[in-house]
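Asker: Protein chains in written order, with the UniProt record's numbering: chain A, 1 to 145; chain B, 1 to 191.
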Amino acid sequence: MSACRDEDPRIHGIKTKIRVVPNFPKPGVEARGFIFGPPIALAIGAKFVPLRKPRKLPGQVISEEYILEYGRDCLEMHVGAVEPGERALVVDDLIATGGTLCAAMNLLECVGAEVVECACLIELPELKGRGRLKGKPLYVLVEYQ
Amino acid sequence: MFAAENGLRGDPRLQAISEAIRVVPHFPKPGIMFQDITTLLLDPKAFKDTVDIFVDRYRDMGISVVAGVEARGFMFGPSIALAIGAKFVPLRKPRKLPGEVISEAYVLEYGTDCLEMHVGAVQPGERSLIIDDLVATGGTLSAAIRLLERVGAEVVECACVVGLPEAKGQRRLNGTPLYILVEPREIENCY
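#1: Leaving out five residues before and five after arginine 130/A in sequence, what residues of the same chain have Cβ atoms less than 6 Å from its Cβ?
#2: Do we get a CB-CB distance below 8 Å when we pair threonine 38/B with the residues of chain A?
#3: Would you mind stating whether valine 155/B and leucine 148/B have Cβ atoms separated by less than 8 Å?
#4: Per DSSP, what kind of secondary structure is valine 20/A in: helix, strand or coil?
#5: Could you check what DSSP says for histidine 118/B in three-state terms: helix, strand or coil?
#6: What number of angstroms, rounded off, separates the C-alpha of glutamate 76/A from the C-alpha of proline 50/A?
#7: What is the DSSP secondary structure of proline 54/A, reduced to helix, strand or coil?
#8: State yes or no: is the beta carbon of isoleucine 122/A nearer than 8 Å to at least one beta carbon in chain B?
#9: Per DSSP, what are the beta-bridge partners of arginine 72/A in this structure?
#10: Quick check: what's the CA-CA separation for arginine 132/A versus phenylalanine 74/B?
#11: Give me the residue from Asp49/B, Glu157/B, Leu129/B with the minimum Cα distance to alanine 16/B.
#12: DSSP three-state call for methionine 1/B: helix, strand or coil?
#13: Checking contacts by CB at 8 Å: is phenylalanine 2/B closer than that to chain A?
#14: From lysine 26/A to aspartate 11/B, what distance separates their C-alpha atoms?
#15: How far does the alpha helix (DSSP H) with residue 192/B in it extend, from its first residue to its last?
#16: Quick one, are the C-beta atoms of cysteine 118/A and leucine 101/A less than 8 Å apart?
#17: What's the C-alpha gap between valine 135/B and leucine 89/A?
#18: Isoleucine 131/B: buried (16+ other C-beta within 10 angstroms of its C-beta) or exposed?
#19: Is there a Cβ from chain B that is less than 8 Å from the Cβ of isoleucine 95/A?
#20: Beta-carbon separation of glutamate 126/B and valine 65/B under 8 Å?
#21: Can you round the beta-carbon distance between alanine 103/A and glutamate 143/A to whole angstroms, since I take them to be within the 8 Å contact cut?
#22: Please report the Cβ distance between phenylalanine 76/B and valine 55/B, rounded to the nearest whole angstrom; I am assuming they are in contact, meaning their Cβ atoms lie under 8 Å.
#23: Answer with buried or exposed for glutamate 7/A, where buried requires no fewer than 16 other C-beta atoms within 10 angstroms of its C-beta.
#24: So is arginine 72/B buried or exposed if we call it buried at 16+ other beta carbons inside 10 Å?
#25: Are there three or more Cβ pairs, one per stretch, closer than 8 Å when the stretch 91 to 103 of chain B is compared with the stretch 27 to 44 of chain A?
#26: Glycine 139/B and valine 107/B look like a contact to me (Cβ under 8 Å); what is the Cβ gap, rounded to whole Å?
#27: Which runs of the alpha helix (DSSP H) fall wholly inside the stretch 74 to 139 of chain A and span at least 4 residues, in chain order?
#28: Can you give me the C-alpha to C-alpha distance between valine 61/A and leucine 68/A, rounded to a whole angstrom?
#29: Would you list the one or two residues that DSSP bridges to leucine 173/B?
#30: Looking at the structure shown, is alanine 31/A part of a helix, part of a strand, or coil, going by DSSP?
#31: Report whether the distance from the Cβ of leucine 178/B to the nearest heavy atom of the ligand PLP is below 7 Å.
#32: State yes or no: is the C-beta of leucine 178/B within less than 8 Å of the C-beta of arginine 185/B?
#33: Cβ of leucine 8/B within 8 Å of Cβ of lysine 47/A?
#34: Rounded C-beta distance between leucine 40/B and phenylalanine 34/B? I'm assuming under 8 Å.
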């Protein structure tokens, strides 16, 4: 589902503020999800759980490896941050192939949480990430073809 | 300066915030008692109180820029920015920001590191707040201050949730005021 298709008048203002930078590699998005996730968590009274690249989280972690275009990467979450049965939202700035979001969902499901939805500001539909989310819904604000 | 010395002495929110921060011994290396704010983020009330204390302090200071230091500064900065109607500007490690950047090097215990900001994100004369989760020596924050001052912004204050002993007694960093919510808890409280 895309907010843009519902023609919410705020979407145009959001879309025109996103700058497209040609030919820049996408290094790992762990930090940009931290920009949007916490305000959402605060507003809905939920916990915020950072999912991070290896060796950033100080306590005991569980890890999920995922495939990149060239090679692999890994996402980690603190043990005990999420309890079984909790309903979770996964937030990132952008979905491309969906590999990172899929790894995030796996981490949450591994500890018994229920992933309700994935939410991103931007979708790159040509990369078909939406179909890699194990049947879970994806909500985006803008699409870039 | 610590919040308790600046009008919030005895404020019960500060104790709850302090107790919500987990101490992880010997991370990232032996001898370091790491102040882990991720447990604060798991406590919606304490997290909200943290943001509210900063928002209450900064909302009437004419601040138009909140600059957050990667990555844990990103967990606090945007909420503060939204609440006070300011821009959020990420200050990042090298090669993360895609557009044209300015860079500022700073000294680590061994070697140097670098902080970057997008050109054009901040205009000359803007009043800014810098936020990070923790201040130790102040090296990173000093680099952040230099970045903002290089583009002609005025840094009103640096704000952190936790201030390590090295930062204690420092009311200012290079002349910029420093505002800290809590000190690290004693070792016997960690788990």
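Glycine included, C-beta positions come from ideal geometry on N, C-alpha and C. All values derive from a computational prediction rather than experimental measurement.
Answerer: The short version:
#1: For arginine 130/A, where only same-chain residues beyond five positions count, the Cβ hits under 6 Å are Leu138.
#2: True, the Cβ-Cβ gap to chain A drops below 8 Å.
#3: At a Cβ-Cβ threshold of 8 Å, valine 155/B and leucine 148/B count as neighbours.
#4: Looking at valine 20/A - three-state DSSP - the assignment turns out to be coil, as it is neither helix nor strand.
#5: Under the three-state reduction of DSSP, histidine 118/B is assigned to strand.
#6: The C-alpha of proline 50/A is placed about 9 Å away from the C-alpha of glutamate 76/A.
#7: DSSP, read as helix, strand or coil, puts proline 54/A in coil.
#8: Nearest CB-CB separation between isoleucine 122/A and chain B: not below the 8 Å threshold.
#9: Answer is Ile67/A.
#10: Approximately 28 Å between the Cα atoms of the pair.
#11: For alanine 16/B, the closest C-alpha among the options Asp49/B, Glu157/B, Leu129/B is that of Asp49/B.
#12: Three-state result, methionine 1/B: coil.
#13: For phenylalanine 2/B, no CB of chain A lies under 8 Å from its own CB, so it is not counted at the interface with that chain.
#14: Any reading at lysine 26/A must be qualified, since the residue scores a pLDDT of 49, below 50, and its modelled position is unreliable; the value itself is stated next. The C-alpha of aspartate 11/B is placed about 44 Å away from the C-alpha of lysine 26/A.
#15: Lying outside 1 to 191, the shown extent of chain B, residue 192/B is not represented and no answer is given.
#16: Yes, they are a contact pair.
#17: Those two C-alpha atoms are separated by around 31 Å.
#18: Residue burial annotation: isoleucine 131/B is buried, with at least 16 other C-beta atoms found within 10 angstroms of its C-beta.
#19: At a cut-off of 8 Å, the C-beta of isoleucine 95/A has no neighbouring C-beta in chain B.
#20: Yes. Within cutoff.
#21: Incorrect: roughly 22 Å between the Cβ atoms, too far for contact.
#22: Going by Cβ atoms, the distance from phenylalanine 76/B to valine 55/B rounds to 11 Å, so no, they are not a contact pair.
#23: Counting Cβ neighbours within 10 Å, glutamate 7/A comes out exposed, since fewer than 16 surround it.
#24: Flag for arginine 72/B reads buried.
#25: Contact annotation: the stretch 91 to 103 of chain B touches the stretch 27 to 44 of chain A, with at least three C-beta pairs closer than 8 Å.
#26: About 6 Å separates the CB atoms of glycine 139/B and valine 107/B; that is less than 8 Å, so the two are in contact.
#27: Qualifying alpha helix (DSSP H) stretches, in chain order: 99 to 110.
#28: If you take the alpha carbons of valine 61/A and leucine 68/A, they lie about 21 Å apart.
#29: BP columns for leucine 173/B point to Thr176/B.
#30: Residue state, collapsed to three classes: coil.
#31: Among the components modelled here there is no ligand, and therefore nothing to report on the ligand PLP.
#32: It is not a contact, given that the beta carbons lie outside the stated cut-off.
#33: No.
#34: About 13 Å separates the two Cβ atoms, so there is no contact after all.
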